[in-house]
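Below is one structure, written out as structure tokens, with a few remarks after it.
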Amino acid sequence: MRVLLVKMSSLGDVVHTFPALTDAAAHGIRFHWVVEEAFAEVAALHPAVDKVIPIAWRRWRRDLSGSRGALADFRRRLRSESYDRVLDAQGLIKSGVVTALARADAKSGLAPNSARERAAAIFYPERVAAPWGQHAIDRLRQLFAGTFGYPLSGPENFGISLDAPRERNCVLLHGASWASKLWPPSMWVALAKQATERGLEVVLPWGDAHEHERAEQIAQTCGAEPLPQSGLDELAQRLAGAALVVGVDSGLSHLSAALGVPTVVLYGATDSHLTGCRGDRAVSLQAQFPCSPCLSRECGYAGVAPHWQGEAVQPACYSRLAPQQVWQAATGVMDADRLLPI
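Per this note's numbering, residue 30 is the first one in the sequence shown, and the count goes up by one each step.
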């Protein structure tokens, strides 16, 4: 069976889809995948994906009139092939429109009560319930199993690997799309110093000007090295070869965990129960704070400001995830992987 999968963004959502692809591949199902152009290289990592069809909706929506030609080209490429089924695994109006445009014998997706946007379900006649309150990976596995009619069994298997030599690097993934996810720079500095004392070379990726500025700020006082700006393929190789990755809740952190790298991920505003990093060597640390997880992009805490080493902590919930606690979790996951001696 050849299926067109529609799961356009974000990077974390792409990674969360891998275990469902692994399940389906075990039943002989192959995929073409419509995904945002920025994440095409990552989507192509899964061996069940024969073709990636990039879509640039994030770019096109800024100027729909000027993007009419590109939209028409995408529609032609999308309809140049026909499929046994198209599966909308995103549950949004935009993904439903792509599902409607595709040529397929059958079309399916999430039931209205399971989709992020209920109206998305009007674009496909076959609907599968995947109840909320579960981890995103579990919901996607249920969606695929219900669509293709096979039973779910066993733990998730991301099904991806990269042949990268192991190095004594500690990669600090300090960037995120929400301000409420950003761990304070002073805490990154303290963590970097502990990693350096254990003989690790600390490196700091960055993706935009704000992240570059923060990487430079962290590096100034702890001997860490900001990396040159790179694409996702190069960064994935670096993650795959790292001795340790510590990050906030971001797509790169999820990718690191999926690659089986010793990974520690910090959760404050977001909920590790619903989107925690999973993997054989992944640990998710949830801040135990009265308003965490708030699921807000900006910290709205209005109480007495908590402090760490005399400095007010913002976002406030991260006062409960101090560098020593994070490093303790990091040494545990590294020691379990036998990469560092105690």
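Positions of the beta carbon are idealized from the N, C-alpha and C atoms, including for glycine.
Rounded to the nearest angstrom, what separates residue i and residue j at their Cα positions?
i: G361; j: G308; result: 15 Å
i: R147; j: Q119; result: 11 Å
i: Q266; j: L169; result: 26 Å
i: L233; j: A67; result: 20 Å
i: L368; j: S38; result: Low confidence applies to L368: its pLDDT is 48, below 50, so where it sits in the model is not reliable enough to give any reading.
i: S137; j: F60; result: 14 Å
i: G305; j: F47; result: 15 Å
i: D42; j: W89; result: 20 Å
i: W337; j: S124; result: 44 Å
i: V277; j: R114; result: 36 Å
i: E230; j: Q223; result: 11 Å
i: W207; j: R243; result: 15 Å
i: I82; j: D366; result: 36 Å
i: A351; j: G162; result: 28 Å
i: V294; j: G339; result: 25 Å
i: D92; j: R104; result: 17 Å
i: R227; j: D364; result: 12 Å
i: Q353; j: A287; result: 25 Å
i: L268; j: A311; result: 13 Å
i: R31; j: L121; result: 23 Å
i: G175; j: M216; result: 44 Å
i: D262; j: Q343; result: 32 Å
i: W356; j: V78; result: 37 Å
i: P319; j: P335; result: 12 Å
DSSP on residue i, reduced to helix/strand/coil?
i: Q249; result: helix
i: S137; result: strand
i: K80; result: strand
i: H164; result: coil
i: Q343; result: coil
i: E146; result: coil
i: D364; result: helix
i: W356; result: helix
i: G308; result: coil
i: V218; result: helix
i: D102; result: helix
i: V157; result: strand
i: H203; result: coil
i: E185; result: coil
i: H241; result: helix
i: P213; result: coil
i: E70; result: helix
i: H75; result: coil
i: L50; result: helix
i: L369; result: Only weak support exists for where L369 lies, its pLDDT of 44 falling under 50; the value from the coordinates is given anyway. L369: coil per DSSP, three-state reduction.
With a cut-off of 8 Å on the beta carbons, I'd call residue i and residue j a contact; round off their distance for me.
i: P214; j: W235; result: That pair is no contact at about 13 Å.
i: Y296; j: Q315; result: 5 Å
i: A272; j: E185; result: The Cβ separation is near 24 Å, so there is no contact.
i: C251; j: T292; result: Wrong, their Cβ atoms sit about 20 Å apart, outside the cutoff.
i: L181; j: A159; result: Actually they are not in contact, since the Cβ atoms of L181 and A159 sit about 11 Å apart, beyond 8 Å.
i: A345; j: C328; result: 6 Å
i: Y179; j: H283; result: In fact, because the Cβ distance is near 25 Å, the residues do not count as touching under 8 Å.
i: V133; j: L33; result: Looking at the sequence provided, one finds Ala at residue 133 rather than Val. With 8 Å as the limit, A133 and L33 qualify as a contact, their Cβ atoms being about 6 Å apart.
i: S285; j: S301; result: With 8 Å as the limit, S285 and S301 do not qualify as a contact, their Cβ atoms being about 15 Å apart.
i: L40; j: G280; result: 3 Å
i: A253; j: I247; result: 6 Å
i: A298; j: S321; result: 7 Å
Using a threshold of 9 Å, state whether the C-beta atoms of residue i and residue j are closer than that.
i: V44; j: I84; result: no
i: L191; j: L74; result: yes
i: A131; j: R108; result: yes
i: F173; j: L116; result: yes
i: R326; j: S143; result: no
i: A53; j: V64; result: no
i: L220; j: A359; result: yes
i: I189; j: P76; result: yes
i: P194; j: G270; result: yes
i: G260; j: E110; result: no
What are the residues that DSSP puts in a beta bridge with residue i?
i: W235; result: According to DSSP, which records beta bridges pairwise, W235 is partnered with nothing at all.
i: W62; result: L34 and V81
i: D300; result: Paired residues: none, contrary to the question.
i: W86; result: Looking at the DSSP assignment, W86 forms no beta bridge with any residue, so it has no partner.
i: N198; result: E230
i: R267; result: Paired residue(s): none; R267 is not in a bridge.
i: D117; result: V35 and G138
i: L295; result: V277 and L314
i: R132; result: S111
i: H56; result: Partner(s): none; H56 has no beta bridge.
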